[in-house]
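Residue numbers (this note's numbering): 80 to 453. Even for Gly, the Cβ is constructed at its ideal location relative to N, Cα and C. Contents: one structure, followed by commentary.
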Amino acid sequence: MTEKLYDFAVIGAGMAGASIAAELAPHAKVLVLEAEDAPGYHSTGRSAAFWEECYGGPGLVPLTLPSGGYLREHGFLNQRGALYIGRAEDKAKMDGFVENFAGTGVTIERLDAGGLRSKVPQLHEEWCDAIYEPACADIDVAALHQHYLKALRQGGVDLVCRARVSDLAREQGGWRIGTERGETYRAAQIVNAAGAWADTLAGLAGAQPLGIGPLRRTVVQLRVSPEAPADQPLVLDISGGFYFKPDNGRLWLSPHDEIPSDPCDAAPEEMDVAVAIDRFQQVTKWRIEAVERRWAGLRSFAPDRLPVYGPDPAVSRFNWFAGQGGFGIQTAPAAARLASQVLLGLEPDDLTRAIDPQAYSPARFSAQKARRTG
Ligand SMILES: Cc1cc2nc3c(=O)[nH]c(=O)nc-3n(C[C@H](O)[C@H](O)[C@H](O)COP(=O)(O)OP(=O)(O)OC[C@H]3O[C@@H](n4cnc5c(N)ncnc54)[C@H](O)[C@@H]3O)c2cc1C
Numbered sequence: 080m081t082e083k084l085y086d087f088a089v090i091g092a093g094m095a096g097a098s099i100a101a102e103l104a105p106h107a108k109v110l111v112l113e114a115e116d117a118p119g120y121h122s123t124g125r126s127a128a129f130w131e132e133c134y135g136g137p138g139l140v141p142l143t144l145p146s147g148g149y150l151r152e153h154g155f156l157n158q159r160g161a162l163y164i165g166r167a168e169d170k171a172k173m174d175g176f177v178e179n180f181a182g183t184g185v186t187i188e189r190l191d192a193g194g195l196r197s198k199v200p201q202l203h204e205e206w207c208d209a210i211y212e213p214a215c216a217d218i219d220v221a222a223l224h225q226h227y228l229k230a231l232r233q234g235g236v237d238l239v240c241r242a243r244v245s246d247l248a249r250e251q252g253g254w255r256i257g258t259e260r261g262e263t264y265r266a267a268q269i270v271n272a273a274g275a276w277a278d279t280l281a282g283l284a285g286a287q288p289l290g291i292g293p294l295r296r297t298v299v300q301l302r303v304s305p306e307a308p309a310d311q312p313l314v315l316d317i318s319g320g321f322y323f324k325p326d327n328g329r330l331w332l333s334p335h336d337e338i339p340s341d342p343c344d345a346a347p348e349e350m351d352v353a354v355a356i357d358r359f360q361q362v363t364k365w366r367i368e369a370v371e372r373r374w375a376g377l378r379s380f381a382p383d384r385l386p387v388y389g390p391d392p393a394v395s396r397f398n399w400f401a402g403q404g405g406f407g408i409q410t411a412p413a414a415a416r417l418a419s420q421v422l423l424g425l426e427p428d429d430l431t432r433a434i435d436p437q438a439y440s441p442a443r444f445s446a447q448k449a450r451r452t453g
């Protein structure tokens, strides 16, 4: 019997793999291979679940803003608001932040100490400056992931779990794909949506790794007294030392850690939990009653911290959809639409018209290298 030949084999079924497969499905025969027992086990299942217009810097705003429209329209967002906070000595950083985002289309306003205190009364007095972002929202990550997985089922995509790809071999018209359990599949094109394993997968295909490095991030769930109001904004340190937000009567707190890691099933380290708690106690008047949960996940960044979407410049039929860093959920709708249009040669639409695909193309790394050596 001849093996089925797919147009695209997407490797990884986290938010990246599920969303791009859903976008490809109406146009092509698509296979998704996922190493774990179920999709979403790694970074996608461990996020802090917010959509924040400025997160990741101005280079991501063109992806974040249209994605926000899609997420809102489909009911995946719950308005929360965000506050970047600073002390008197952070004034230059606060001013720089506002300047950095001027003209990008984000909505931010400066609050004085009184304005900040009215939104977060539990902060210590030294925190006296804030940038308020009213549009920031919580994302229902599980529902968004399910939305894309449902689109896969409806679009006739074959999703195979417990299928860790361990071999990629060239053959006439595309690729022969082998898994650790000995199954083989055939596809004309590969889409690398392997998250923290993106460079490892590239190595199997003979493509040059791009330097996509996984960084571990820790989150703890606290029971605090008094209870954090449900509508309190997400609070982020302008210097990147912590963030916290309410979740169902509890607080989710992160020390904003970025610890280089191998691709793995990330687990929280006691030291990072201790650092988170120490910073929180220095910044707020809340009393911690219990640390109820702790988890960690990997955020995987390309060297310039922008995502990588599109065909590999040297290995034909090998495509990147990786480097989703700390923004892979909030940018998923526009990112997946854009990348599918690039792969299929389709025109941009309302979701992607304002995005320059070259800004996220893997070819930018070869161009940078040529400039350095030229
Ligand atoms: C603590 C934390 C907080 C975060 N908060 C936010 C947030 O608030 N908002 C936001 O937008 N983003 C956030 N992020 C980032 C977001 O979670 C990621 O950008 C996103 O989940 C990346 O999705 P992915 O599909 O690329 O990766 P993953 O979800 O890790 O999926 C990759 C998949 O590829 C599979 N795979 C790997 N190698 C192979 C192989 N050889 N064969 C088959 N399958 C393979 C893996 O098993 C995995 O399931 C956060 C991340 C962390 C860790």
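Exercise for review: Tell whether a beta-carbon distance below 8 angstroms holds between A97 and P118.
Suggested key: yes
Review point. Which residue or residues does DSSP assign as beta-bridge partners of R296?
Key: G376
Review point. What is the rounded straight-line gap between the Cα of P308 and the Cα of G328?
Key: 7 angstroms
Point to revise | Inter-residue spacing [alpha-carbon to alpha-carbon] between W130 and A284 | key: 34 angstroms
Check your understanding: Do T123 and ligand 1 come close, with the Cβ less than 7 angstroms from some heavy atom?
Key -> yes
Practice item. Assign G424 to one of two classes, buried (16 or more other C-beta atoms within 10 Å of its C-beta) or exposed (fewer than that). Key: exposed
Practice item. Check whether the Cβ of G405 lies closer than 8 angstroms to any Cβ atom in chain D. Key: Reference to chain D is not applicable here, since this structure consists of a single protein chain.
Point to revise | Residue from P427, D429, R384, A393 with nearest C-alpha to G407 | key: R384
Practice item. Output the boundary residues of the alpha helix (DSSP H) element that contains R189. Key: Premise fails: R189 lies in the beta strand (DSSP E), 188-190, not in any alpha helix (DSSP H).
Check your understanding: In three-state terms, what does DSSP make of P390?
Key -> strand
Check your understanding: Given a threshold of 16 other Cβ atoms within 10 Å of its Cβ, counted over all protein chains shown, does D310 qualify as buried or as exposed?
Key -> exposed
**Study point:** Whole-angstrom distance between V298 and K198, CA atom to CA atom
**Key:** 23 angstroms
Point to revise | Q360 versus G165 - alpha carbon distance | key: 16 angstroms
Review point. What's the gap between the Cα of I218 and the Cα of G389?
Key: 26 angstroms
Review point. Are the region 150-163 and the region 256-264 in contact at 8 angstroms, needing three or more beta carbon pairs?
Key: no
**Study point:** Residue burial classification, A355 (beta-carbon count within 10 angstroms, cutoff 16)
**Key:** buried
Exercise for review: Could you check how far apart the C-beta atoms of A273 and I90 are, in whole angstroms? I think they sit under 8 angstroms.
Suggested key: 5 angstroms
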